[in-house]
Structures are given as C-alpha cells and as structure tokens.
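A short write-up of the structure that comes next.
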Amino acid sequence: MVGIPRGSNLVIGITFVAFMAEALIHYQLGAWQDDGPNQYPQLVIPDAKDFFSMVVIVGVFSWASASAIAYFG
Numbered sequence: 082m083v084g085i086p087r088g089s090n091l092v093i094g095i096t097f098v099a100f101m102a103e104a105l106i107h108y109q110l111g112a113w114q115d116d117g118p119n120q121y122p123q124l125v126i127p128d129a130k131d132f133f134s135m136v137v138i139v140g141v142f143s144w145a146s147a148s149a150i151a152y153f154g
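Under the working numbering, the sequence shown has 84 at position 3, and the numbering climbs by one with no breaks.
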C-alpha cells in the first residue's frame, strides 16, 4: 500500500470485514422490506454486480480509514 505504514494492512482488513458484514446485513434488511417473494427468514445473496459494488465501496473506505489513522494517529 502506498502512503500508509505496513501495520495498516491489519486495520484495512479488520475494517473491511466488519463493514462488509454490515453491508450484507443492510442488503438483507432491504430485501426483506420489499413486498416481493423474499420475506423473513429467507436469506438473499446479492447478485454479482451488487456484491462487486459493495466490495469496491467498502474497500475504498477501509483504505481511507487506515490512511486517516496513519496520518492523524
């Protein structure tokens, strides 16, 4: 990673896992709120496009978080 210390990889990883889990929970809650065929307790897996979007967004903000911690911390 450019611009952040080597130990920040741990911060990026932990942040990514925690917020990816949160993103998947929010996706599930949104699927249950629709009046479609997916109702509680049926689990819904996001399609590839939505999952890729989540990974990119959570990855960028995980990196930004680790960069801010390294810069200000």
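Where is the CB? At the ideal position from N, CA and C, for every residue including glycine.
I need the boundaries of the alpha helix (DSSP H) containing residue i, first residue and last residue.
{"i": "G111", "result": "89-114"}
{"i": "Y121", "result": "Segment: none, Y121 is in no alpha helix (DSSP H) and carries neither H nor E."}
{"i": "V131", "result": "The sequence given here places Asp at residue 131; Val does not occur at that position. Start and end: 129-153."}
May I have the straight-line CA-CA distance separating residue i from residue j, to the nearest angstrom?
{"i": "M82", "j": "N90", "result": "At M82 the pLDDT is 44, less than 50, meaning the model places this residue with poor confidence; the figure from the coordinates comes in the next sentence. If I take the Cα positions, the gap works out to 8 Å."}
{"i": "V141", "j": "G117", "result": "32 Å"}
{"i": "G94", "j": "W144", "result": "9 Å"}
{"i": "L124", "j": "V136", "result": "19 Å"}
{"i": "G154", "j": "W113", "result": "40 Å"}
{"i": "R87", "j": "Q120", "result": "44 Å"}
Exposed or buried, what is residue i when buried is set at 16 or more other beta-carbons lying within 10 Å of its beta-carbon?
{"i": "V92", "result": "buried"}
{"i": "A147", "result": "buried"}
{"i": "V139", "result": "buried"}
Can you confirm whether residue i, when its beta carbon is compared against all beta carbons of chain C, has any partner nearer than 9 Å?
{"i": "I126", "result": "The structure shown contains no chain C, having only a single protein chain."}
From the options, pick the residue whose C-alpha is nearest to that of residue i; which is it?
{"i": "P122", "options": "L110, F133, K130", "result": "L110"}
{"i": "A129", "options": "A149, Y152, A151, L105", "result": "L105"}
{"i": "A102", "options": "Y152, P127, A151", "result": "P127"}
{"i": "F132", "options": "A151, Q120, Y152, Y108", "result": "Y108"}
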